[in-house]
Every structure is written in C-alpha cells, then in structure tokens.
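Q: The sequence shown: position 17 = 19 (this note's numbering), numbered continuously. All residues carry an ideal CB built from backbone N, CA and C; glycine is no exception.
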Amino acid sequence: MNLRIPGPTPLPPHVLAAMGRQMIDHRGPAFEALYGQVVTWLKLFFETEHDVHIFTASGTGGMEAALVNTLSPGDRVLAVVIGVFGERFAEIAEAYGAEVTRLTFEMGQAADPAVVAAKLAEGAPYKAVLLTQNETSTGVTNDLPALCEAVQSAGDPSPLVLVDAISGLGAIRLRADAWGCDVVVTGSQKAWAAPPGLAMVSFGPGALEAYQQARMPRYYLDLGLAIKYAKRNQTPATPNVATLYGLHKSLEGMVAEGPETIYARHAEIGAYCRQRALDMGLGLFADPDHYSNTVTAVTLGADHSAKQVLAGLRERHGVICGSTKAPGVEMIRIGHMGYVSLADIDGVYEALADVLGQ
3 MNLRIPGPTP LPPHVLAAMG RQMIDHRGPA FEALYGQVVT WLKLFFETEH
53 DVHIFTASGT GGMEAALVNT LSPGDRVLAV VIGVFGERFA EIAEAYGAEV
103 TRLTFEMGQA ADPAVVAAKL AEGAPYKAVL LTQNETSTGV TNDLPALCEA
153 VQSAGDPSPL VLVDAISGLG AIRLRADAWG CDVVVTGSQK AWAAPPGLAM
203 VSFGPGALEA YQQARMPRYY LDLGLAIKYA KRNQTPATPN VATLYGLHKS
253 LEGMVAEGPE TIYARHAEIG AYCRQRALDM GLGLFADPDH YSNTVTAVTL
303 GADHSAKQVL AGLRERHGVI CGSTKAPGVE MIRIGHMGYV SLADIDGVYE
353 ALADVLGQ
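1. Could you tell me if residue 298 is buried or exposed, where buried requires 16 or more neighbouring beta carbons within 10 angstroms of its beta carbon?
2. If contacts are defined as beta-carbon pairs under 8 Å, then residue 112 and residue 145 qualify, I think. What distance do you get, rounded to the angstrom?
3. DSSP three-state label for residue 299, please.
4. Between the Cα of residue 320 and the Cα atoms of 327, 356, 326, 305, which residue gives the shortest distance?
5. What is the rounded straight-line gap between the Cα of residue 98 and the Cα of residue 359?
6. Buried or exposed: where does residue 161 fall if 16 or more other Cβ atoms within 10 Å of its Cβ makes it buried?
7. Under 8 Å between the Cβ atoms of residue 142 and residue 288?
8. Checking contacts by CB at 8 Å: is residue 100 closer than that to chain C?
9. Thinking C-beta only, is residue 257 closer than 8 Å to residue 43?
10. What is the rounded straight-line gap between the Cα of residue 48 and the Cα of residue 305?
11. Quick check: what's the CA-CA separation for residue 223 versus residue 280?
12. Which residues in the same chain as residue 17 place their Cβ atom closer than 7 Å to its Cβ, once the five residues preceding and following it in sequence are excluded?
13. Just list the alpha helix (DSSP H) runs in the stretch 247-294, keeping only unbroken ones of 4 residues or longer that don't cross its boundaries, in chain order.
14. Is it the case that the stretch 224-234 contacts the stretch 266-281, given that we only count it when at least three CB pairs across the two stretches are under 8 Å?
15. How would you call residue 102, buried or exposed, if buried means at least 16 neighbouring beta carbons within 10 angstroms?
16. Go ahead and pull the three-state DSSP assignment for residue 226.
17. Which value, in whole angstroms, describes the spacing of the CA atoms of residue 309 and residue 69?
18. Can you name, in chain order, every residue of its own chain whose Cβ lies under 6 Å from the Cβ of residue 265, other than the five neighbours on each side?
19. Is residue 294 near residue 50, with beta carbons less than 8 Å apart?
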C-alpha cells in the first residue's frame with residue numbers, strides 16, 4: 003500500500019519497531035526521561051523556550067485545548083477560515099460559547115493579512131484570532147508571520163494568536179516565539195511520522211496569563227493540571243505510551259537530520275509532486291503563491307470523477323489518496339509529509355496515469 007492521504011502518514015520501520023516495546027510505569031523514572039526528551043526535541047521545531055505539553059488526543063483535541071485554556075464563554079473570537087479545518091476551529095470555539103466571527107476566504111486562497119488587519123480594526127476588540135498554518139483541505143499554506151504581525155498590530159493589548167499547525171509543523175518552519183504565537187497545536191500523525199494519538203501544544207506567556215481568567219469548562223485538557231504534572235515530566239492522566247515511543251524514535255531521527263534539512267526536503271518533494279501533476283495536464287487547486295509542501299490538491303477536470311479515480315487507485319494499485327474537500331470540484335489530495343520519498347510520489351502518478359487512461 004502507498005498511503006498518500008494527509009494523515010495518518012506511513013511509519014518508518016524504526017518507529018514501528020519502537021512501538022512494540024513493553025509498557026512502562028507512567029509515574030516512573032523511565033517514562034519521565036522519555037517524556038522530558040520528547041518535549042526538549044519538540045521545542046526545537048516549535049522554536050519556543052516556553053511550555054510544550056503533550057495530550058493524549060487527536061489534533062482536534064489540541065485545538066480544543068488551545069481554546070478552553072485561554073477563553074471564556076462570550077469572548078469575541080475572529081476565526082480566519084481558508085478551508086475545512088479552519089472552520090472546525092471556529093466550530094469548537096462556538097461549542098464552548100465563544101462569540102465567533104468568521105473571516106472566510108475562497109477555498110484555494112490564502113488569508114490576506116491586510117484584510118485580517120482591516121477586520122480587526124472594526125468595532126470592539128477580539129480576545130483571540132484563530133489561524134491555520136497549513137490547510138490540508140485545499141493544499142494551501144498561509145503566510146503565518148504576516149498574519150501574526152497583522153494581529154499584533156490590532157491594538158494594545160492585541161488579541162491572542164491561536165494557531166492550528168497540525169499539518170504543517172515539523173515539515174514547514176514555524177517560529178512560535180519570534181512570530182508571537184500564543185498557542186500552537188500539532189498532531190503526531192502528520193509530519194512527525196508517528197501514529198495518531200498525541201496532540202502537542204505550546205503555550206506562550208500570553209496564553210498562560212489568559213489561562214488565569216479563562217472560564218470555559220475543562221478537565222481532561224486542563225492546562226493547570228498539565229503544568230503541575232509536567233514539572234516532573236508526567237501527564238495528568240494515563241498517556242498513550244506506545245505512540246510516545248514512536249514519536250520519540252521519530253524525533254530522534256528528525257533532530258539528527260536537522261530542521262532546516264527537513265524543511266528543504268519537504269519543499270523539494272512538494273515541488274516535485276506539483277510538477278508531476280502539471281506534466282500530466284492536471285490542475286492544481288491552490289493559489290500558486292501559497293502551495294503547501296505537505297499536501298497537494300490536484301484537480302482532475304470535469305471529464306473525471308474524483309470518487310471513481312480514488313477507487314481505481316485503491317483497488318488496482320494500492321495507492322490511497324485523499325478525497326476532495328471542495329464542493330463541486332473534482333479533486334484528489336496527495337499527502338507528502340513525514341516518511342515519504344520521490345519514489346512514493348512517482349508511484350502515485352504512475353497509478354494515476356493508468357486510471358486516467360494516459
């Protein structure tokens with residue numbers, strides 16, 4: 003099987019082997035050493051000197067943790083939406099009682115920092131702004147530093163910056179401290195080449211201050227409890243030990259490779275994937291100035307059904323790609339983050355050429 007969905011991603015053999023280890027006491031010294039090492043390595047990629055916490059949850063659970071630990075019911079929140087997962091961030095905030103205003107951009111387009119700044123200048127201030135680093139539903143990467151700058155110029159105090167970096171961080175650079183990101187969320191099953199089950203979330207000083215006034219209900223995802231246990235490199239509740247084994251082993255290799263090399267590798271493979279699509283006469287859904295290096299949205303044209311093409315890839319070639327997330331667009335999404343090679347991408351397009359009859 004050539005698994006090319008935008009997560010969960012394939013696992014390297016050494017990560018699979020690490021996950022087969024026996025369980026350990028999550029209140030004992032072996033776990034504490036493991037957890038502490040993982041957090042230290044994660045900070046290299048978050049580019050933060052502040053707290054990074056690991057919750058046993060999916061990325062969506064990390065988004066929920068970002069919101070419930072910094073906001074109260076009734077807080078005004080601006081959700082900058084460029085696709086399905088930006089909308090999810092907004093929906094979670096609404097579920098907890100935030101007063102959410104959506105600033106929605108056309109699918110396939112990135113958010114315009116000037117438009118965000120103008121929206122923030124209207125009316126009463128917002129408590130927080132929800133941003134997406136990389137939108138897997140459309141294959142778009144936002145200009146996150148420019149968006150953060152737009153938010154921070156909105157007034158004093160400026161709104162909190164809460165970032166969904168689930169499908170970007172680890173493959174696309176993010177400077178949490180330098181860009182002023184108050185909370186950054188990612189998930190183990192994406193560029194980290196680890197299994198699903200862990201949400202990794204950084205909380206900067208602004209978020210920690212906001213926590214003191216935040217009144218959204220929380221227990222399992224409570225930051226105060228996480229901080230209390232993190233002081234001894236533990237988690238409040240029983241963690242996903244096997245997935246943590248896998249993440250530790252993957253991070254060991256990522257740190258050895260180096261962040262800059264990893265970002266360059268993803269840029270190369272992203273460009274290669276897009277060029278292969280164009281060489282076949284297919285289209286690219288995303289704005290050319292904001293292509294994602296972790297997922298490519300390929301348009302097929304009206305002559306082809308995305309559903310049938312995906313079925314053909316799966317049944318005839320064992321190639322698994324993502325379905326369209328844009329209504330009315332015949333599109334497939336090819337994931338290329340984490341454990342992926344140019345040969346994997348070649349396999350997708352060789353299969354695609356057969357299914358399309360080229």
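A: If we stick to the structure as given:
1. For the purposes of this step, residue 298 is taken as residue 296 along the sequence shown, with counting starting at 1. The residue in question, residue 298, is buried, as its Cβ has 16 or more Cβ neighbours within 10 Å.
2. Along the sequence shown, read from residue 1 onward, the residue named residue 112 stands at position 110. Along the sequence shown, read from residue 1 onward, the residue named residue 145 stands at position 143. Rounded, the Cβ-Cβ distance is 6 Å, consistent with contact.
3. Sequence index remark: in the sequence shown, residue 299 carries index 297 (1-based). The answer is strand: DSSP assigns residue 299 an E or B state.
4. Residue numbering aside, residue 320 sits at position 318 when the sequence shown is read from its first letter. When each option's Cα is compared against that of residue 320, the closest is 356.
5. Looking up residue 98 in the sequence shown gives position 96. Looking up residue 359 in the sequence shown gives position 357. Answer to the nearest angstrom: the Cα atoms are 49 Å apart.
6. In the sequence shown, residue 161 corresponds to position 159, counting from 1. By the 10 Å Cβ count, residue 161 comes out buried.
7. Working through the sequence shown from its first residue, we reach residue 142 at position 140. Working through the sequence shown from its first residue, we reach residue 288 at position 286. Against a cut-off of 8 Å, the Cβ pair of residue 288 and residue 142 comes out as a contact.
8. Of the protein chains in the structure, only one exists, and it is not chain C.
9. Here the question's residue 43 lines up with position 41 in the sequence shown. Here the question's residue 257 lines up with position 255 in the sequence shown. Yes, Cβ-Cβ distance for residue 43 and residue 257 is below 8 Å.
10. Within the sequence shown, numbered from 1, the residue matching residue 48 stands at position 46. Within the sequence shown, numbered from 1, the residue matching residue 305 stands at position 303. Each residue's alpha carbon lies about 43 Å from the other.
11. Here residue 223 refers to the residue found at position 221 of the sequence shown. Here residue 280 refers to the residue found at position 278 of the sequence shown. Their backbone Cα atoms lie some 44 Å apart in a straight line.
12. Numbered from 1 along the sequence shown, position 15 holds the residue referred to as residue 17. 195, 196, 248, 251, 252, listed in sequence order.
13. 261-281
14. no
15. Taking the sequence shown and counting its residues from 1, one reaches residue 102 at position 100. The residue is buried, with at least 16 neighbouring Cβ atoms inside 10 Å.
16. As a working note, residue 226 is residue 224 in the sequence shown. If DSSP states are grouped into helix, strand and coil, residue 226 belongs with the helices.
17. Along the sequence shown, one-based indexing puts residue 309 at 307. Along the sequence shown, one-based indexing puts residue 69 at 67. Those two C-alpha atoms are separated by around 35 Å.
18. One-based indexing of the sequence shown puts residue 265 at position 263. Taken in chain order, the residues that qualify are 175.
19. Along the sequence shown, one-based indexing puts residue 294 at 292. Along the sequence shown, one-based indexing puts residue 50 at 48. Going by C-beta atoms, residue 294 is not nearer than 8 Å to residue 50.
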